[in-house]
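Going from the sequence shown to our numbering is simple: count from 1 and add 1072. From the three backbone atoms N, C-alpha and C, an ideal C-beta is built for every residue, glycine too. Input: a single structure, listed below in structure tokens.
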Amino acid sequence: MTRKGHFGVDAPPIVIGFAAATAAGLVAFVIGQALGIAWLSVAGAWTAGFAGVSGGWYLYTTLRGKHAVWARLLDELGLRGDETVVDVGCGRGAVLLLAAARLNKNGRGKAIGVDIWAVRDQSGNAEAATRDNAQREGVSDRVELVTADMRELPLADASADLVVSSLAIHNVRGADERAKALREIARIVKPGGRVLVVDINFTGAYAAELAAHGVPARVHPLGPRFWFGGPHVAARAVVGTKPA
């Protein structure tokens, strides 16, 4: 799918790590060949190949794959267009703006993005970048941005028809602290409202925490387009609905 915004790369240090490992493997291979050290050549070739393929897959997922998967997930929700959607850890708006594009232009639908804008989590992460992307995608009239910690959302109880989050909650350190974020999500979603959280770690714990706070949820895989380098780092979706 083609998008007009610029959404950066997830966890840029990981991309640098893949590139460094690929380069180191190539150097080891060349040295092994030059000195006739077979094991070094084999190890270097394997390292360069694995890191190169994994890095390429990672870039595909962060630049294209996750966008396509999220577009499908949002389409499957069948939004009416007048909902209030909250994106917890919205970053530069990859998911937030996809949701906003599915809301009405008459002012009834609203997409609220919440973030602390940490660049370690996403390259170029900043509120200004998200606002620019909203304008590029033609949805700025339906977007509101809030600077806040996901563990203390400055939003009213039962104020959201849909709460989404993509690759954000795992960045909070400590199970107890992540649980606070899930409790906040359960708090702000309306009765009859839905929750859709995608992450690479702790998804079972997310589902359990949501269920403990009134939002029964299930976990399901999202497939190769949401693998960050391979099946060993596969994103999963936590999907739940608060009973009406």
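- The DSSP-derived three-state label of Glu1281 is helix.
- The beta-carbon separation of Phe1300 and Gly1165, rounded to 20 angstroms, does not stay under the 8 angstroms limit for a contact.
- Taking a cut-off of 8 angstroms on C-beta distances, the segment 1088 to 1100 touches the segment 1115 to 1126, as three or more cross pairs fall below it.
- Three or more beta-carbon pairs separated by less than 8 angstroms are not found between the segment 1236 to 1244 and the segment 1204 to 1213, which leaves the two stretches without contact.
- For the pair Gln1194 and Ala1173, the Cα-to-Cα distance works out to about 22 angstroms.
- Assigned with DSSP and collapsed to three states, Glu1256 falls in helix.
- The C-alpha of Asp1159 lies about 6 angstroms from the C-alpha of Leu1168.
- Straight through space, the alpha carbons of Leu1282 and Leu1146 are spaced by roughly 20 angstroms.
- For Val1310, the number of other beta carbons within 10 angstroms of its own is at least 16, and it is reported as buried.
- In the DSSP assignment, the residues bridged to Lys1182 are Thr1156.
- In the DSSP assignment, the residues bridged to Asp1082 are Gln1194.
- Arg1266 is not a Cβ neighbour of Val1291, given a cutoff of 8 angstroms.
- Burial check for Glu1249: the Cβ neighbour count within 10 Å stays below 16, so the residue is exposed.
- Around Ser1212, the same chain offers Arg1203, Ala1206 as residues with beta carbons nearer than 8 angstroms, after the five sequence neighbours per side are excluded.
- Comparing alpha-carbon positions, the option among Ala1106, Ala1083, Ala1284, Ala1123 lying closest to Thr1134 turns out to be Ala1083.
- Taking each of Ala1279, Phe1274, Ile1086, Leu1151 in turn and checking the Cα distance to Val1244, the smallest one comes out for Phe1274.
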